[in-house]
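Here is the structure we will look at.
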Amino acid sequence: MPAAVEIRELTKTLGRRPVVDHLSLDIQPGEVFGLLGPNGAGKTTTIRMMVGLISITHGHVRIHGHDIRTEFEEAIRHVGAIVENPEMYKFLSGYDNLRLYARMHKGIGKDRIDEIVRFVGLESAIHKKVKTYSLGMRQRLGLAQALLHNPSVLILDEPTNGLDPAGIRELRDHLRHLAEDQGVAVIVSSHLLTEMELMCDRVAIIQNGRLVQVQTVREQAHQEAQLVEFEVDAADIARQVLADCGQTEVEVSGQTLRLAAARDDIPEINRRLVEHGVAVYAIQSRTKSLEDQFLEVTGGGQHAAAHSQ
Amino acid sequence: MLQLIHNENVKIYRRLRTWIFGALLLLAVIAMAALTDKASHSQATHTSWRQELKQENQQLQQTLDRSGDKLPASTRTQLQTQINENQYRLDHDIPPAKNSAWDFTNSAASLMVLVTLFAAVVAADIIASEFSSGAIKLLLIRPVRRSKILMAKYAASLLFALALIVELAVAAWLVGGIVFGFDGFATPYLYADTSGHIHQMPMFAHVLSTYGLKCVNLLMIVTISFMISVLLRSSSLAIAISLLLLFVGSTLVEVLSNHTWVKFILFANTDLTQYMEGTPVVKGMTLTFSIIVLAVYFVIFHVVSWLTFTRRDVSGNG
Chain A
1 MPAAVEIREL TKTLGRRPVV DHLSLDIQPG EVFGLLGPNG AGKTTTIRMM
51 VGLISITHGH VRIHGHDIRT EFEEAIRHVG AIVENPEMYK FLSGYDNLRL
101 YARMHKGIGK DRIDEIVRFV GLESAIHKKV KTYSLGMRQR LGLAQALLHN
151 PSVLILDEPT NGLDPAGIRE LRDHLRHLAE DQGVAVIVSS HLLTEMELMC
201 DRVAIIQNGR LVQVQTVREQ AHQEAQLVEF EVDAADIARQ VLADCGQTEV
251 EVSGQTLRLA AARDDIPEIN RRLVEHGVAV YAIQSRTKSL EDQFLEVTGG
301 GQHAAAHSQ
Chain B
1001 MLQLIHNENV KIYRRLRTWI FGALLLLAVI AMAALTDKAS HSQATHTSWR
1051 QELKQENQQL QQTLDRSGDK LPASTRTQLQ TQINENQYRL DHDIPPAKNS
1101 AWDFTNSAAS LMVLVTLFAA VVAADIIASE FSSGAIKLLL IRPVRRSKIL
1151 MAKYAASLLF ALALIVELAV AAWLVGGIVF GFDGFATPYL YADTSGHIHQ
1201 MPMFAHVLST YGLKCVNLLM IVTISFMISV LLRSSSLAIA ISLLLLFVGS
1251 TLVEVLSNHT WVKFILFANT DLTQYMEGTP VVKGMTLTFS IIVLAVYFVI
1301 FHVVSWLTFT RRDVSGNG
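These protein sequences, in sequence, are chains A and B. Using this note's numbering, read the first sequence as starting at 1 and increasing by one per residue. Using this note's numbering, read the second sequence as starting at 1001 and increasing by one per residue.
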């Protein structure tokens, strides 16, 4: 399948300092792709180059095969985006803002505007002036303008800024729906690891403008052993039960047992414990999170960079 | 393209500021009519206009005869022109223009200063404000080339200026008509050429030419404000600089008027009425010269705007 977005050797130099340095990525239709990196890593600069807001020093960005530099209109037609904060015209209503953008694309009627307003859940406030909106409402309106023309590539820069936990969850569901049901290639950037873990299928870790690693997040190894903690009332009995079913590498601290087990084995272990009269209060799997991986791959370097500046 | 211009119009006319400008212009017209009306009442006399003109000419002639050599040359020319005009009226049976809708519309052309001011503010704001608010980012990620957006914005600035001119002229004609009466269309306008000979032209043509010549100045000011708007990211700074140029420009030319290079300054050329009535800022300047200078500036302003806007990196902090 051809990539929805193809980034090759993308470089942006400001003065003599490379802000983005020979970055190459392929983003497929139907996936949620994350750009993860500390602040100043070059995420926003990359996104600005992808949508043609700033010039490209070297390399190229192709959207469905169209070069953003030489075929701007053809390429950007497929893109919906929010770059940093979704700043719109405050003296207009949300609806009038959307009408402005609708006029700049072909074939967006009133029906489509109404549909997208319902989708982002802004029906009650859409005729109020944007200056009365909360940050969360502005984000919703931002998402609406980005989706108005049914883009097949959706680029969101720090989309969870200003959203409350419920709003973040809703956004996550929206993005998942767009990717899975409509085959949209979704690209989000963030410096928040846990958020990316929950939202994305794949994450590119970027540091100092360079690609460090592309990591698959979802379907994370169900068969692979991970660290699991059981909190029980009787640690001794529990330990014996686990030993009987072949789990000998168990670490006990107080009422908590820590062992390595595959995700698929957890229910079975729990059943056995309960069968032997052990009360289980909590089970926590300590997956090696993206955070661990992130800190592993960027960890030392980040400190060094911070000190050198 | 029409859609883009429509969008820009929405952004202009949905702002309160725009309507305040419109209201101020209307108020200025009404105030001017009231003042003119008051002044004409205090002058009102009952003698016939022929006698009045004859008397006036006698007085003027006496002044010239008695103290002619003490007066500066320009004042002497002025007095002589006035005598010629009065005599022309007596010879051709044309009574002096009394206040009418047409005459007032013509005088109200002096309020083009306000139109220019308001149009300059809107033009200076139209791009810079998109940068200062950050809205430019969502505007430039549409399937529309930047040059088209620039053109639409310039067109919208000019359309706004045009709307103000129409408002001024229509308001002046209506208010003038209500206060002074709607007649006066048939009264010809008299003017003196550079050698002091008197000619006449239809009133309507005169009103049109007055507004037309002021429009040249307006067009240049809007264009330079527009360029400043492209160059600066702060709308308040762009507005401030445009207004500074508007007010300081002509003063600067006057101060420097004894240097010959001053004729290449934009503001020495924007007022084309200097060739119709009165003398040019610098001797030897001709209408053709000014038109060429204006055209060159016009092209430069547009090239600078276009090069800057289409290539600019739209990056963080505004």
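Ideal Cβ placement from N, Cα and C applies to all residues, glycine included. All values derive from a computational prediction rather than experimental measurement.
Inset, instruction - From the DSSP output, in three-state form, read off K1070/B for me. - result: Working through the second sequence from its first residue, we reach residue 1070/B at position 70. Correct three-state label for K1070/B: helix.
Legend entry - L148/A, DSSP secondary structure in three states: Walking along the first sequence from the start, residue 148/A turns up at place 148. Coil.
Inset, instruction - Could you tell me whether the Cβ of V1314/B comes closer than 8 Å to any Cβ of chain A? - result: Position 314 of the second sequence holds residue 1314/B. Judged by the 8 Å Cβ criterion, V1314/B is in contact with chain A.
Legend entry - Enclosing beta strand (DSSP E) for R176/A [first to last residue]: The residue labelled residue 176/A in the question sits at position 176 within the first sequence. It is not in any beta strand (DSSP E) - R176/A instead sits in the alpha helix (DSSP H) that spans 165-182.
Legend entry - Residues, ordered as in the chain, of the region 40-57 of chain A that lie near chain B by beta-carbon distance below 9 Å: T44, T45, R48, V51, G52, L53, I54, S55
Legend entry - Integer-rounded CB distance, given that E1167/B should sit under 8 Å from G1022/B: Counting from one through the second sequence, the residue named residue 1022/B turns up at place 22. Counting from one through the second sequence, the residue named residue 1167/B turns up at place 167. The Cβ separation is near 6 Å, so the contact holds.
Inset, instruction - Look up F33/A in the DSSP assignment and give the residues it is bridged to. - result: Locating residue 33/A in the first sequence gives position 33, counting from the first residue. Beta-bridge pairing links F33/A to I187/A, R202/A.
Inset, instruction - Return the CA-CA distance between E1008/B and P1280/B, expressed in angstroms with no decimal places. - result: Numbered from 1 along the second sequence, position 8 holds the residue referred to as residue 1008/B. Numbered from 1 along the second sequence, position 280 holds the residue referred to as residue 1280/B. About 38 Å.
Inset, instruction - Note down, in chain order, all residues in the region 1126-1157 of chain B with a beta-carbon under 7 Å from any beta-carbon belonging to chain A. - result: S1133, G1134, A1135, K1137, L1138, L1140, I1141, R1142, P1143, V1144, R1145
Inset, instruction - Tell me, please, which residues DSSP counts as bridged to Q215/A. - result: On the first sequence, residue 215/A is found 215 positions in, with the first residue counted as 1. Per DSSP, the beta bridge partners of Q215/A are V203/A.
Inset, instruction - In angstroms with no decimal places, state the Cα-to-Cα distance between V1293/B and M137/A. - result: Along the second sequence, read from residue 1 onward, the residue named residue 1293/B stands at position 293. Along the first sequence, read from residue 1 onward, the residue named residue 137/A stands at position 137. V1293/B and M137/A: Cα-Cα distance of roughly 52 Å.
Legend entry - Proximal residues of chain B, C-beta to C-beta of A81/A below 9 Å: The count along the first sequence starts at 1 and reaches residue 81/A at position 81. Those are K1137, L1138, I1141, listed as they occur along chain B.
Inset, instruction - Less than 8 Å between the CB atoms is what I'm expecting for I68/A and M88/A, so what's the real figure, rounded? - result: As a first step, residue 68/A must be located in the first sequence, where it is residue number 68. As a first step, residue 88/A must be located in the first sequence, where it is residue number 88. Incorrect: roughly 23 Å between the Cβ atoms, too far for contact.
Legend entry - Same chain, Cβ closer than 7 Å to A234/A, neighbours up to 5 away in sequence not counted: Walking along the first sequence from the start, residue 234/A turns up at place 234. The residues are V278.
Legend entry - Beta carbon proximity, F91/A to chain B, threshold 8 Å: Stepping through the first sequence from its first residue, residue 91/A is reached at position 91. With 8 Å as the cut-off, F91/A counts as an interface residue toward chain B.
Inset, instruction - Return yes when at least one heavy atom of the ligand GDP lies under 7 Å from the C-beta of A1023/B, else no. - result: Of ligands this structure carries none, so the ligand GDP is not represented either.
Legend entry - Backbone CA spacing between R210/A and P18/A [nearest angstrom]: Counting from 1 along the first sequence, the entry for residue 210/A is found at position 210. Counting from 1 along the first sequence, the entry for residue 18/A is found at position 18. R210/A and P18/A: Cα-Cα distance of roughly 9 Å.
Legend entry - Cross-chain neighbours of I1009/B in chain A, by beta carbon under 8 Å: Taking the second sequence and counting its residues from 1, one reaches residue 1009/B at position 9. In the sequence as displayed, the identity of residue 1009/B is Asn instead of Ile. Neighbours of N1009/B on chain A: none; closest Cβ ~11 Å, over 8 Å.
Legend entry - Contacts that H105/A makes with chain B (C-beta to C-beta distance below 8 Å): Along the first sequence, read from residue 1 onward, the residue named residue 105/A stands at position 105. Residues of chain B passing the Cβ test: R1142, P1143.
Inset, instruction - Measure the alpha-carbon distance for H64/A versus L1004/B and round it to whole angstroms. - result: Position 64 of the first sequence, counted from the first residue, corresponds to residue 64/A. Position 4 of the second sequence, counted from the first residue, corresponds to residue 1004/B. Distance between the alpha carbons of H64/A and L1004/B is about 26 Å.
Inset, instruction - Could you spell out where the alpha helix (DSSP H) holding L1208/B opens and where it closes? - result: For the purposes of this step, residue 1208/B is taken as residue 208 along the second sequence, with counting starting at 1. Where L1208/B is concerned, the enclosing alpha helix (DSSP H) stretches over 1203-1231.
Legend entry - V1314/B classed as buried or exposed, judged by whether at least 16 other C-beta atoms fall within 10 angstroms: The residue labelled residue 1314/B in the question sits at position 314 within the second sequence. Burial call: buried.
Inset, instruction - Find the residues of chain A that neighbour R1050/B, judging by a C-beta separation of less than 8 Å, and give them in chain order. - result: Position 50 of the second sequence, counted from the start, is the residue given in the question as residue 1050/B. Going along chain A, no residue has its Cβ under 8 Å from R1050/B, so there is no contact; the nearest lies around 60 Å.
Legend entry - Where the beta strand (DSSP E) through I82/A begins and ends: As a working note, residue 82/A is residue 82 in the first sequence. It spans 79-82 - the beta strand (DSSP E) in which I82/A sits, taken as one unbroken run.
Inset, instruction - Within the region 1085-1125 of chain B, note down every full alpha helix (DSSP H) run reaching 4 residues or more, in order along the chain. - result: 1101-1107, 1112-1125
Legend entry - chain B contact residues for L100/A, given Cβ-Cβ distances below 7 Å: For the purposes of this step, residue 100/A is taken as residue 100 along the first sequence, with counting starting at 1. Per Cβ cutoff of 7 Å: N1007, V1010.
Inset, instruction - Leaving aside the five residues before and after G34/A along the sequence, list all residues of the same chain whose C-beta is less than 6 Å from its C-beta, in chain order. - result: On the first sequence, position 34 is the one that residue 34/A refers to. Same-chain partners within the cutoff: V188, M196, C200, V203.
Inset, instruction - State the beta-bridge partners of K128/A as determined by DSSP. - result: If you number the first sequence from 1, residue 128/A lands on position 128. For K128/A, which the question treats as bridged, DSSP gives no partner whatsoever.
Legend entry - Where Q215/A falls, given that 16 or more other Cβ within 10 Å makes a residue buried: For the purposes of this step, residue 215/A is identified with residue 215 of the first sequence, where counting begins at 1. Buried: at least 16 other Cβ atoms inside 10 Å.
Inset, instruction - Would you verify that the beta carbon of Q1082/B is, or is not, closer than 8 Å to some beta carbon of chain A? - result: Counted from its first residue, the second sequence places residue 1082/B at position 82. Not closer than 8 Å to any Cβ of chain A, the Cβ of Q1082/B fails to qualify, so no.
Inset, instruction - Return yes when the Cβ of S1225/B is within less than 8 Å of the Cβ of S1242/B, no when it is not. - result: Translated into the one-based positions of the second sequence, residue 1242/B becomes position 242. Translated into the one-based positions of the second sequence, residue 1225/B becomes position 225. In contact: S1242/B and S1225/B (Cβ atoms closer than 8 Å).
Inset, instruction - Measuring only between beta-carbons, confirm whether P18/A sits less than 8 Å from chain B. - result: What you label residue 18/A is simply residue 18 of the first sequence in a count that begins at 1. So no, P18/A is outside the interface.
Inset, instruction - Could you work out which residues of chain B lie near E87/A, taking near to mean beta carbons separated by less than 8 Å? - result: Position 87 of the first sequence, counting from 1, holds the residue named residue 87/A. Residues of chain B passing the Cβ test: S1133, G1134, A1135, K1137, L1138.
Inset, instruction - Name, please, each residue of chain B whose Cβ falls closer than 9 Å to the Cβ of R169/A. - result: For this step, residue 169/A is matched to residue 169 along the first sequence. Those within 9 Å of R169/A in chain B number zero; the least Cβ separation is about 25 Å.
Legend entry - Backbone CA spacing between A304/A and G37/A [nearest angstrom]: Residue 304/A sits at position 304 when you count from the first residue of the first sequence. Residue 37/A sits at position 37 when you count from the first residue of the first sequence. Bear in mind that a pLDDT of 38 at A304/A, under 50, signals an unreliable position, so the model cannot answer this.
Inset, instruction - Count the other CB atoms, across all protein chains shown, that sit within 10 Å of the CB of E110/A; report buried if there are 16 or more and exposed otherwise. - result: Stepping through the first sequence from its first residue, residue 110/A is reached at position 110. First, the residue type needs correcting, since residue 110/A is Lys and not Glu in the sequence shown. Counting C-beta atoms within 10 angstroms of its own C-beta, K110/A has fewer than 16 neighbours from the protein chains shown and is therefore classed as exposed.
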